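Engineer: A single structure is presented below for examination.
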Amino acid sequence: MSVTAQPDHHAQFIELLSASLAQNAFIKLVLAKYVGEEAELQRLIIKQVAVKEQPCLSFVYRYKTRDITKNFAVAEGVAAIAELLPAQFKNAHLLSLTDEAQLEYSKKNKSSLFKSKPQQLREAPSAEHNREKNRFLDLSRPFLADLGVTDAKQALIPSMSRKWKQINKFIEVFSHALTSSPLKLDQPVRVADFGSGKGYLTFAIHDYLRNTLKAEGEVTGVELREDMVALCNTAAARLEHPGLVFKCGDVRSVAPSELDVMIALHACDIATDYAIHTGIRSGASIIMCSPCCHKQIRLQIQSPVLLKPMLQYGLHLGQQAEMVTDSLRALFLEACGYETKVFEFISLEHTNKNKMILAVKRAEPLDNAQLLEKIQELKAFYHITEHCLETLLRADGYLT
1 MSVTAQPDHH
11 AQFIELLSAS
21 LAQNAFIKLV
31 LAKYVGEEAE
41 LQRLIIKQVA
51 VKEQPCLSFV
61 YRYKTRDITK
71 NFAVAEGVAA
81 IAELLPAQFK
91 NAHLLSLTDE
101 AQLEYSKKNK
111 SSLFKSKPQQ
121 LREAPSAEHN
131 REKNRFLDLS
141 RPFLADLGVT
151 DAKQALIPSM
161 SRKWKQINKF
171 IEVFSHALTS
181 SPLKLDQPVR
191 VADFGSGKGY
201 LTFAIHDYLR
211 NTLKAEGEVT
221 GVELREDMVA
231 LCNTAAARLE
241 HPGLVFKCGD
251 VRSVAPSELD
261 VMIALHACDI
271 ATDYAIHTGI
281 RSGASIIMCS
291 PCCHKQIRLQ
301 IQSPVLLKPM
311 LQYGLHLGQQ
321 AEMVTDSLRA
331 LFLEACGYET
341 KVFEFISLEH
351 TNKNKMILAV
361 KRAEPLDNAQ
371 LLEKIQELKA
381 FYHITEHCLE
391 TLLRADGYLT
């Protein structure tokens, strides 16, 4: 006698699975509580792999003393999973970059579905047998060849392997932030990338929005070097990237009134503060910064006497200034209604700075009175009289 799942929970779970695969966010699926006829079968572990450059789902049947692996095309695999629940497995645990979901069936076949968001960024799993990570962009995208990342045959140029990893890590972080932000993809997504350089990340985020997410991306790259601006505008026109434009200037001279996503990677010293301020003032739902140099705070810090023996070394002094400066930036973002994370990001070309401040606007702002008090205590502890971002925010009335 066949067992029929409750349509709502079963369909919702399969929809979550399909969405995670479509968005390159799938990590793994575990089917447990086996009720079939094979006595020694304990569970089924499903991961995504690439076989002959084609995405597949690898089903690993785990027995007491052995494993048996079978590979399926993605659509075929999803259909098989739908049939296995709950006929042969009563528990399914889905893990992705953006969600965690568990589907359970009772003895009477009553279903329950539990969903939650991850507390921290997860790494995408291996999709290749040579342990190459899942990629959020395809090497066949035309802009990669035009910018010199791939060759005429759409193969990765060896010297650009590091850049290729950086681009994908950036899109991974953005994808994760997007799922927890209030942004809706049925409306235009306005992005500004300050210090866009040759446009690797600017083209990548535009391509990801338009071609992967099928959203209308309106992306502006802002760069001081006129030759880079001309180069990127020519490429955008030649490659038919509608909604992508590059402008000459910096965060102070080119300041959009309304933004959804603000990006500023390796803006030097207080340029990062101006960029964050622009993001907050323009209503950005996502702010992505990778700070560089911390001169303003380093010149002000007066370290406690107890710490002076430790901070007599220039390296430690610089690390302290970096930590204090970026901690205050993150706290100011929290005070302005953002959920903020500070984590290591793959370093970009020509610098060893690899920290990212990621801020996603909360649905409901928090009471920031206690937070502002803690900020002032931290400033007082280090004898800091001015932080550029605080000055900019107070002038606009954000910190009251």
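Position one of the sequence shown corresponds to residue 1 (the UniProt record's numbering), numbered consecutively onward.
Ideal Cβ positions, reconstructed from N, Cα and C, are used throughout, including at glycine.
Since we're looking at a predicted model, the values are computed, not measured.
What do you reckon, are the CB atoms on E258 and G283 nearer than 8 Å?
Structural biologist: The answer is yes: Cβ separation under 8 Å.
Engineer: Straight-line CA distance for D250 to R190?
Structural biologist: The straight-line gap from Cα to Cα measures roughly 17 Å.
Engineer: For the beta strand (DSSP E) holding K70, just list the boundary residues, first then last.
Structural biologist: Taken as a continuous stretch (DSSP letters only), the beta strand (DSSP E) holding K70 covers D67 to A73.
Engineer: Write down the C-beta distance between F136 and I81 rounded to the nearest angstrom, noting that I regard them as a contact closer than 8 Å.
Structural biologist: Not really, about 23 Å apart at Cβ, beyond 8 Å.
Engineer: Based on the DSSP output, what are the partners of A218 in its beta bridges?
Structural biologist: The question names Ala, yet the displayed sequence has Glu at residue 218. The partner list for E218 (beta bridge, DSSP) reads R190.
Engineer: Do you know offhand how far T351's Cα is from Q23's?
Structural biologist: Annotation note: pLDDT 43 at T351 (below 50); position unreliable, no value reported.
Engineer: If you drop the 5 nearest sequence neighbours on each side, which residues of the same chain put their C-beta closer than 7 Å to that of Q296?
Structural biologist: The answer, listed in chain order, is D269, I270 and C388.
Engineer: Let me check understanding here. Comparing Cα to Cα, which of L94, C336 and R298 lies closest to residue 472?
Structural biologist: No statement about residue 472 is possible, as the shown extent of the chain runs from 1 to 400 and does not include it.
Engineer: Establish whether the CB of L183 and some CB of chain C are separated by less than 8 Å.
Structural biologist: Reference to chain C is not applicable here, since this structure consists of a single protein chain.
Engineer: In angstroms with no decimal places, state the Cα-to-Cα distance between R252 and E15.
Structural biologist: Using only the alpha carbons, I get a separation of about 44 Å.
Engineer: Given a cut-off of 8 Å on the beta-carbon distance, is the pair E76 and N91 in contact?
Structural biologist: In this structure, N91 does not lie closer than 8 Å to E76 by Cβ.
Engineer: Along the beta strand (DSSP E) that carries Y63, what are the first and last residues, could you check?
Structural biologist: Taken as a continuous stretch (DSSP letters only), the beta strand (DSSP E) holding Y63 covers Q54 to Y63.
Engineer: For M160, which residues does DSSP report across the bridge?
Structural biologist: According to DSSP, which records beta bridges pairwise, M160 is partnered with nothing at all.
Engineer: Sort L213, L231, L183 and L311 by Cα distance to I287 and report the nearest one.
Structural biologist: Checking every option, the nearest Cα to that of I287 belongs to L183.
Engineer: Over what stretch of residues does the alpha helix (DSSP H) that includes Y274 continue unbroken?
Structural biologist: First-last of the alpha helix (DSSP H) with Y274: A271 to R281.
Engineer: Hey, S175 and A25 are a contact pair by Cβ (cut 8 Å); roughly how many whole angstroms apart?
Structural biologist: At roughly 7 Å, the Cβ-Cβ gap stays under 8 Å, so S175 and A25 are in contact.
Engineer: On the criterion of 16 or more Cβ atoms from any shown chain inside 10 Å, does T400 qualify as buried, or is it exposed?
Structural biologist: The residue is exposed, with fewer than 16 neighbouring Cβ atoms inside 10 Å.
Engineer: What did DSSP end up calling V229 once you bin it into helix, strand or coil?
Structural biologist: Residue state, collapsed to three classes: helix.
Engineer: Would you mind reading off the limits of the beta strand (DSSP E) that contains H206?
Structural biologist: No beta strand (DSSP E) contains H206, which is instead part of the alpha helix (DSSP H) from Y200 to D207.
Engineer: Is L372 near A330, with beta carbons less than 8 Å apart?
Structural biologist: Result no, Cβ atoms of L372 and A330 do not sit closer than 8 Å.
Engineer: On the DSSP bridge list, what partners appear for N211?
Structural biologist: DSSP output for N211 lists no bridge partner at all.
Engineer: Below 8 Å on the Cβ atoms is my contact criterion, and I expect H9 with S112 to pass it. Report the Cβ-Cβ distance as a whole number of Å.
Structural biologist: Sure, about 7 Å apart at Cβ, within 8 Å.
Engineer: Rounding to the nearest angstrom, what Cα-Cα distance links A153 and L17 in this structure?
Structural biologist: The amino acid occupying residue 153 in the given sequence is Lys; Ala does not appear at that position. Between K153 and L17, the C-alpha separation is close to 33 Å.
Engineer: When DSSP labels each residue in this structure, what does F345 get in the three-state scheme?
Structural biologist: In this structure, F345 counts as coil in the three-state DSSP scheme.
Engineer: Excluding the five sequence neighbours on either side, which residues of its own chain have a C-beta within less than 7 Å of the C-beta of V254, listed in chain order?
Structural biologist: Around V254: V222 and K247.
Engineer: Sorted by chain position, which residues of the same chain lie with C-beta nearer than 6 Å to L144's C-beta, five sequence neighbours on each side aside?
Structural biologist: Closer than 6 Å at Cβ, skipping near neighbours: T150.
Engineer: Assuming contact is defined by CB atoms lying nearer than 8 Å, are L328 and I375 in contact in what I supplied?
Structural biologist: Going by C-beta atoms, L328 is nearer than 8 Å to I375.
Engineer: Can you give the Cα-Cα distance for Q6 and Q88, rounded to whole angstroms?
Structural biologist: Low local confidence applies: a pLDDT of 47 at Q6 is under 50, so the model's placement there is unreliable, with the coordinate-based value given in what follows. One C-alpha to the other measures close to 15 Å.
Engineer: Please go through the same chain and pick out, in chain order, the residues whose beta-carbon is closer than 8 Å to the beta-carbon of T391, but skip the five residues on each side of it.
Structural biologist: Taken in chain order, the list of residues that qualify is empty.
Engineer: Going by alpha carbons, who is nearest to L393 out of C56, P188, K169 and G279?
Structural biologist: When only C-alpha atoms are compared, the closest one is G279.
Engineer: Using the Cα positions of A101 and M160, report the straight-line distance between them to the nearest angstrom.
Structural biologist: Near 37 Å, if we compare the C-alpha coordinates of M160 and A101.
Engineer: Is the CB-CB distance between G199 and L147 below 8 Å?
Structural biologist: Yes; because the gap between Cβ atoms is below 8 Å, this pair is in contact.
Engineer: Cβ atoms of T202 and V219: under 8 Å apart, would you say?
Structural biologist: Yes.
Engineer: DSSP state of Q102, grouped into three classes?
Structural biologist: Strand at Q102.
Engineer: CB-CB under 6 Å to Q302, same chain, minus the five flanking residues each way: which ones, in chain order?
Structural biologist: Contacts found: H383.
Engineer: Determine the burial state of G197: buried for a count of at least 16 other Cβ atoms within 10 Å of its Cβ, exposed for fewer.
Structural biologist: Flag for G197 reads buried.
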